[in-house]
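K.L.:
Numbering (the UniProt record's numbering), first residue to last: 1 to 1234.
So this is what it looks like as C-alpha cells:
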C-alpha cells in the first residue's frame, strides 16, 4: 500500500508541478525550481524501475516494456503536455542564455531520454546539437556533464552522427590509446573500484565499441582484460554488458586465437560464463551469448568445452521453451514485442546450431578420412591446432556431406547427432519450419527457415536422422488446428516454393536434405544379399536395419508424399533467374537418386518428361548464360537420369525419347544380311559405266552373273562424280562410325574441299539412334545416293600421296608436307565394302516406323520397309468396306472395327433439343425418375451433409476438387487419390500426385484408375500411360465404358462467393476419347460455358448443362441441351442456334424490369415445348414460301419422313432418359421421355 501511495503521490505531484508551470511560465518567474523538482521525481522513479531488473539494452519506452511501472506513467504525462515540451527544448535549451536554466533543462531532458524520440528532438530542432557541443567544451559543471550525456544519446542515432562525421574525422583510436583508455576501462569495469553498476555497464558498452578495433582488442586480451571481464559478478546489469563485450570480441579472429591460447581454466571460465549468459541473462544477453558461440564454434577449443558443459542441450532449450512453438495457443497471450523477441531467439539459435554442426561435420570428416587412410594406406593428415579458426564455404560443406554419405560407414555414429536425436530436436526443427512459414510480418522469416533447413541437411548424413523425417510430426494447418504430417512433406513443401516465392536459398537447402536422403550409396545391398544366402547349416543371423533399408524407406516416403511431382516441377523452374540453373541441377540430382527405386523409375518413364522429350529440351540451353557451369551439372544429372530410366547409355545432346531408344535398341540387335550376287551386280554395273567392260566380263563369268542387268537396277543408279569425295546420306550418328572413316579417307585424296559429312564425328554407343537424313535424290527417297571417285589412292600400297600445291577454285589452302605427314600418321584403317553396305542397310532399317529384330535378307535394289503391325483380320478404315465385311467377320467387320466405329460416331454431336429447367433456388430438393422400378418419379428433400474427420491425415493429397468414387463392383473407394478397401476400411495404395485439382475416377472395366492425365493399373499400381489431352478434364464415361467425355476445368480465381457461383467450372467445349487406348476423338465447341454433362443408357444422346444469358446477371439461368451422338452438325442447326441466341437476348432485354420469381412460377415445360413446335411449324411454312434459304428440298423432306416412319417402330418401346443438372444446386434429375 505504501508503494502504491508513493506512486499516486508522484503522479499527483507531477501534475501539480505542470499546473504551476502553466500559471507562472509567462510571468517571467524563475522556472529552475519547477524543472529541478520534476527531474528529482523522474530520477526517483527511474531508480525504482531499475530495481525491477529490466533488460539494460532494451531501448523501448519504459511504459511499453513494463506497462505497470510509474516511470512510464510520468513520462506519458510529460509528453502529453506539448506546450511544456516545446518550451523545454525551444526556450530553455536553445534560446535561453541563463546557465542555471540551461542546466535544469538539460538535466530534465537527459532524465526523460528513455522515452524520448531522439530523431524528433535532435534532427528537427536546428541548432540544439551545436549548443550541446558548445556546452560540452566550454560550460561549467554540471551543465558540461548533462550536455555530454545528451550528445551521447543523440549520436546513437546514425543519421545524426552522420551529419557531424566531418567534425570527428580524425582517428580516435590513437587518441584513446595515448590517453590510456584501456587502463581507464579496466578501472571502470571493476565493480570493486567503482561500486556503481550503472557506471560499469556504460563502461562495458564503451569497451565493446573499442574491441572492434584489432589493436585495442589484442592489447586488451594480452593485459588480462578477459580475466577482468570474468570477475564481474552475475547476475547483474554489468554481466549483461559483458555479453556484448564477448560478442564483439569474437568478431576479431586474432584476438580470439589469443583467448583460446590462454590457460585451460581461463578459456573454460569464458565458455561457462557465456553459457550462463545464454541461459539466465536478459534477452539481449542471451542473444549476444548465442551469437558469440555461433562465431566461436569454428575454434575447436571452444567447441570441445561447449560439449563438455552440455552446451547443445542448453542451446536447444532456447527454442524448445518458446511459447510461440506451443501448438495449443502459439503464444496467444504474448504481446507483439514478446513475439518478436521469441522469433529473434529462434533465428539466432538456428544460426548457432548450423555453425555448431558445420564444425562437427569437419571433425567427423577428418576422423573418417584418417580411418580410411589407416586401412588403405597413405599419409595421415594432421588436424589444425584447436586454437585456430576453421571456416568453410557452402560448397565445402556440401562436399563434406557427400563424402560422408558416400564413404562413411553404413551405421555412421556421430555423437552430436545422437544427442540431438535424444533431445527430440528433429521434430522441434520441423515444427519451427512449419510455424515460421506463417510469420508473414517477420523480417527474418526466410533466414530462420534456411538456418533450420541447413541444420537438418547436415544431420541427414546419419541414417537415423533420415528415418526421423519419415515419422509424423504435429503441426498446425491453415485453420490453426493440430494435424499430423510426415516430416519429409514439410521439406518438400518448402522446396516447391509453396511458402517462399522465388527464395532460391531456401529451396536449395530443402533440396539438399532430399538429396542426402535419397542419394545414398546402394552398392551394399548386394553384399547383404550374399551374407543372407549363406550355407543352410549355419543359422542365419537377423539382418540389422542398415542403411540399405533406410534408403529404400526414404525412397518410398519421398514418393508417397508427392516428391516426384515436386522435383519434376523444379526441373522447369525459371525464377529466380540467377539461381534457376542450380535449382534444376539439384532437383535432377535428387531424381537420379530417387530413380534407383524400380517403382519410381516405372512411373517416371511414362511421364511426358521422357515420353515427349521434354528433358532434352531443358538440356539445350541454360536459363541464364552466366550460369553455364550449373547447367553443365544439370545436363550431367539429366543424362544419368535418362540412362537409369531407359536402361541404356545416352550420348549427351541427342534428342531422343524412351520410345526412340527402344527402337534404336531393336535396330542395333537386328542381323543385317543381303544377297551377295546383288552386290556383285552393282559392282559390274559400276564397272561398265566407267568403261571397264573387260573387267566386268571377267567378273560376270567368275561370279556366274546373268548377262542382262538386274530388273531392279533402275532403283539404284550410281552417280558419277570424278572429282567429288565419297558421300553418304547425311547420317550424323551411324552406329559404327562408317561415315567418319570414309570422310577421313576422302579428305586426303580428293581434289575439292571435303563435304560436310567428311568431318570426324564421335562414335555413339551401340544403343544410340541412327537418325534418317533429310532428303535423297533418285527414284526412291528411301535409298541414299552413293558416289565414288575415279581414283582412290591407298596408303597401304607404298606410293606417296601427291601433295596438293595448286589452289582450288574455292580458294582452299595448299597442303604442306607437314600437314600431309600428320594426316598419314592419324589415318584410320580403310573400311570394308561389306561394312559400308551393312551400315547403309542398317540405316534404312532404322527409318522403319516399327522395326523388328529378325529380318529377312535385305535387297540392294528394293527399298527396305518393315511391315506395319497389323492383324490378319484387321477391319478396314473405310466405313462402307467395314460394313460390307460384317457378314464375313462379325461383329464389327474385323479387328478394331469397334474402335473405328466409335471414332466415327463420337467425333460428332448435333444439337437435338433444348430443355429449360425450372429454378430450384435453395438446393434443398432433388427430383429423380426411373424406368425400371417404382416409383417412377420421386421428389427428395436434401438434409445436412456431414464432413467426417479421419485420423489418417498424412495420407491426404489435398486435391482442390476432390470427389470420392466407387469402383464398378463397389468394393473399392477412391478418395483424394488414395485407394480404400470398403470391406476392411484400410488404405490400399496412395497414388502419386501430379496435379492440384482432379482426384481421379475408376475406369468402368475396373482395372484402371484415371487421375487427370495419368492412367494407373489397379493390379500392379504401375503408371500405364500419360494422356496430356486429359489435363484438367472432368471425365464421364458412356454406358458401355468404351468412350469418355471430358470437359475442361477452368481456373477459379474469384474470391467472391457470388462470382464463384456464377462462373462455370468448365469451359465452352468438351472432348471425346477412346476409353480403350485413350486417344482423342474430337473436340465439340458448344459456345457456352458448361456446368455438367452426362450420357443416356443407350449412348445415343448427350445432355449438357449450359449457361443461358449474360454471366453478369445475378440470376443466371441454365439450359439443358441434348446432343445426338453421331449426328453431323448442319448449317441449319448453326443458324437455328444463332437465331435462338438472338431471341434469348431480346427476351432478356424485354424482361429486364420484370420480377423473375413470378415469371418462373408461371413457367410450364409443356408450354415451352408447344412454343418450340409452333416455331418449327412457322419455320417450315417460311421455307415453303421461299423465305428460308436453308430449308430442305422436297426430296430431302420425303427422305426424312421415310426415315422417321422406319424408326417409329424401333423407338416406340424405348424410353430415353436424360439427366438434367440444375444450375445452382449440382443435383441430378431425370426428366425427359419422348
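Using N, Cα and C, we set each Cβ at its ideal position, and we do this for glycine too.
Short of 7 angstroms in beta carbon distance, which residues of its chain neighbour residue 294, apart from the five on each side in sequence? Order them along the chain.
P.N.:
Locating residue 294 in the chain shown gives position 294, where the first residue counts as 1. Closer than 7 angstroms at the Cβ level, and outside the excluded window around residue 294, lie 351, 352 and 355.
K.L.:
Determine the contact status of residue 1004 and residue 1041, defining contact as a CB-CB distance below 8 angstroms.
P.N.:
What you label residue 1004 is simply residue 1004 of the chain shown in a count that begins at 1. What you label residue 1041 is simply residue 1041 of the chain shown in a count that begins at 1. Yes, they are a contact pair.
K.L.:
Hey, how far is the Cα of residue 981 from the Cα of residue 1022?
P.N.:
Stepping through the chain shown from its first residue, residue 981 is reached at position 981. Stepping through the chain shown from its first residue, residue 1022 is reached at position 1022. Cα-Cα distance, rounded: 18 angstroms.
K.L.:
Nearest-angstrom Cα distance between residue 315 and residue 416?
P.N.:
As a working note, residue 315 is residue 315 in the chain shown. As a working note, residue 416 is residue 416 in the chain shown. About 13 angstroms.
K.L.:
When you compare only the Cα positions, how much space is there between residue 236 and residue 57?
P.N.:
On the chain shown, residue 236 is found 236 positions in, with the first residue counted as 1. On the chain shown, residue 57 is found 57 positions in, with the first residue counted as 1. Computed Cα separation, rounded: 13 angstroms.
K.L.:
Give every residue of the same chain whose Cβ lies closer than 7 angstroms to the Cβ of residue 271, excluding the five residues on either side of it in the sequence, and list them in chain order.
P.N.:
Residue 271 sits at position 271 when you count from the first residue of the chain shown. If the five residues before and after residue 271 are omitted, its C-beta is found closer than 7 angstroms to the C-beta atoms of 302, 305, 306 and 309, all from its own chain and listed in chain order.
K.L.:
Rounded to whole angstroms, what is the Cα-Cα separation between residue 457 and residue 426?
P.N.:
The count along the chain shown starts at 1 and reaches residue 457 at position 457. The count along the chain shown starts at 1 and reaches residue 426 at position 426. Cα to Cα, residue 457 sits roughly 11 angstroms from residue 426.
K.L.:
Can you tell me which of the three DSSP states residue 416 falls into?
P.N.:
Counted from its first residue, the chain shown places residue 416 at position 416. Helix at residue 416.
K.L.:
Is residue 583 helix, strand or coil by DSSP?
P.N.:
What you label residue 583 is simply residue 583 of the chain shown in a count that begins at 1. Of the three classes helix, strand and coil, the one that applies to residue 583 here is helix, per DSSP.
K.L.:
Just the Cα atoms here: how many angstroms apart are residue 704 and residue 697?
P.N.:
Within the chain shown, residue 704 is the residue found at index 704, counting from 1. Within the chain shown, residue 697 is the residue found at index 697, counting from 1. Put simply, the backbone Cα of residue 704 is about 10 angstroms away from that of residue 697.
K.L.:
Which full runs of the alpha helix (DSSP H) of 4+ residues lie inside the region 455-534, going along the chain?
P.N.:
463-469, 487-495, 504-518 and 524-532
K.L.:
Which word fits residue 10, buried or exposed, when buried means at least 16 other C-beta atoms lie within 10 angstroms of its C-beta?
P.N.:
Position 10 of the chain shown, counted from the first residue, corresponds to residue 10. Sixteen is the threshold: when 16 or more other Cβ atoms of the shown chains lie within 10 Å of the Cβ of residue 10, as they do, the residue is buried.
K.L.:
Using three-state DSSP, classify residue 1238 as helix, strand or coil.
P.N.:
With the chain covering 1 to 1234 only, the question about residue 1238 has no answer from this structure.
K.L.:
Considering residue 396, what are the terminal residues of the alpha helix (DSSP H) in which it resides?
P.N.:
Working through the chain shown from its first residue, we reach residue 396 at position 396. Taken as a continuous stretch (DSSP letters only), the alpha helix (DSSP H) holding residue 396 covers 394-407.
K.L.:
Would you list, in sequence order, the uninterrupted beta strand (DSSP E) runs of no fewer than 3 residues that lie entirely inside the region 942-1012?
P.N.:
As far as the region 942-1012 is concerned, its whole beta strand (DSSP E) runs of at least 3 residues are 972-975, 978-981, 986-990 and 1008-1011.
K.L.:
For the beta strand (DSSP E) containing residue 1034, name the first residue and the last one.
P.N.:
The residue labelled residue 1034 in the question sits at position 1034 within the chain shown. Its beta strand (DSSP E) spans residues 1033-1037.
K.L.:
Enumerated in chain order, which unbroken segments of the alpha helix (DSSP H) with a length of 4 residues or greater are wholly contained in the region 44-116?
P.N.:
62-65, 70-80, 82-86 and 99-111
K.L.:
When the Cα atoms are used, what is the spatial distance from residue 35 to residue 138?
P.N.:
Residue mapping note: residue 35 aligns to position 35 of the chain shown, counting from 1. Residue mapping note: residue 138 aligns to position 138 of the chain shown, counting from 1. For residue 35 and residue 138, the distance between alpha carbons rounds to 23 angstroms.
K.L.:
Helix, strand or coil: which one does DSSP assign to residue 1025?
P.N.:
Stepping through the chain shown from its first residue, residue 1025 is reached at position 1025. Residue 1025 falls in the strand class under three-state DSSP.
K.L.:
What's the gap between the Cα of residue 214 and the Cα of residue 47?
P.N.:
Working through the chain shown from its first residue, we reach residue 214 at position 214. Working through the chain shown from its first residue, we reach residue 47 at position 47. Their backbone Cα atoms lie some 37 angstroms apart in a straight line.
K.L.:
Check residue 842 in the structure and name its three-state DSSP category.
P.N.:
Walking along the chain shown from the start, residue 842 turns up at place 842. If DSSP states are grouped into helix, strand and coil, residue 842 belongs with the helices.
K.L.:
Three-state secondary structure (DSSP) at residue 854?
P.N.:
Taking the first residue of the chain shown as 1, we reach residue 854 at position 854. Three-state DSSP puts residue 854 in coil, outside helix and strand.
K.L.:
Tell me, please, which residues DSSP counts as bridged to residue 247.
P.N.:
The count along the chain shown starts at 1 and reaches residue 247 at position 247. Answer is none; residue 247 lacks a bridge partner.
K.L.:
Just to confirm before moving on: does the CB-CB distance between residue 992 and residue 573 stay below 8 angstroms?
P.N.:
In the chain shown, counting from the first residue as 1, residue 992 sits at position 992. In the chain shown, counting from the first residue as 1, residue 573 sits at position 573. Going by C-beta atoms, residue 992 is not nearer than 8 angstroms to residue 573.
K.L.:
If you run the structure through DSSP and keep just helix, strand and coil, what is residue 290?
P.N.:
Against the chain shown, residue 290 aligns to sequence position 290. Three-state DSSP puts residue 290 in a helix.
K.L.:
By Cβ distance, which residues of its chain are closer than 6 angstroms to residue 285, with the 5 residues on each side in sequence left out?
P.N.:
Translated into the one-based positions of the chain shown, residue 285 becomes position 285. Taken in chain order, the residues that qualify are 240, 243 and 277.
K.L.:
I'd like to know whether the C-beta atoms of residue 437 and residue 469 end up nearer to each other than 8 angstroms.
P.N.:
Reading the chain shown from its first residue, position 437 is the one you call residue 437. Reading the chain shown from its first residue, position 469 is the one you call residue 469. No, Cβ-Cβ distance for residue 437 and residue 469 is not below 8 angstroms.
K.L.:
Between 1087, 233 and 245, which lies nearest to residue 225 when the distance is taken from Cα to Cα?
P.N.:
Numbered from its first residue, the chain shown carries residue 225 at position 225. Among 1087, 233 and 245, the Cα nearest to that of residue 225 is on 245.
K.L.:
Among the candidates 412, 550, 577 and 1104, whose CA atom is the shortest distance from the CA of residue 501?
P.N.:
Taking the chain shown and counting its residues from 1, the one referred to as residue 501 is at position 501. When each option's Cα is compared against that of residue 501, the closest is 577.
K.L.:
Under the DSSP definition of a beta bridge, which residues are partnered with residue 122?
P.N.:
Here residue 122 refers to the residue found at position 122 of the chain shown. Residue 122 pairs with nothing; no bridge assigned.
K.L.:
Can you grab the Cα-Cα spacing for the pair residue 16 / residue 22, in whole Å?
P.N.:
In the chain shown, the residue the question calls residue 16 occupies position 16. In the chain shown, the residue the question calls residue 22 occupies position 22. Answer to the nearest angstrom: the Cα atoms are 10 angstroms apart.
K.L.:
Tell me the residue span of the alpha helix (DSSP H) that contains residue 1075.
P.N.:
Taking the first residue of the chain shown as 1, we reach residue 1075 at position 1075. Segment: none, residue 1075 is in no alpha helix (DSSP H) and carries neither H nor E.
K.L.:
By how many angstroms is the C-alpha of residue 254 removed from the C-alpha of residue 218?
P.N.:
Residue mapping note: residue 218 aligns to position 218 of the chain shown, counting from 1. Residue mapping note: residue 254 aligns to position 254 of the chain shown, counting from 1. About 7 angstroms.
K.L.:
Is residue 497 closer than 8 angstroms to residue 507 when the C-beta atoms are compared?
P.N.:
Within the chain shown, numbered from 1, the residue matching residue 507 stands at position 507. Within the chain shown, numbered from 1, the residue matching residue 497 stands at position 497. Yes. Within cutoff.
K.L.:
Looking only at C-alpha atoms, which of 591, 360, 1019 and 154 sits nearest to residue 419?
P.N.:
Taking the chain shown and counting its residues from 1, the one referred to as residue 419 is at position 419. Measuring from the Cα of residue 419, the nearest candidate turns out to be 360.
K.L.:
Look at the Cβ atom of residue 250, then the Cβ atom of residue 297, and state whether they are nearer than 8 angstroms.
P.N.:
One-based indexing of the chain shown puts residue 250 at position 250. One-based indexing of the chain shown puts residue 297 at position 297. It is not a contact, given that the beta carbons lie outside the stated cut-off.
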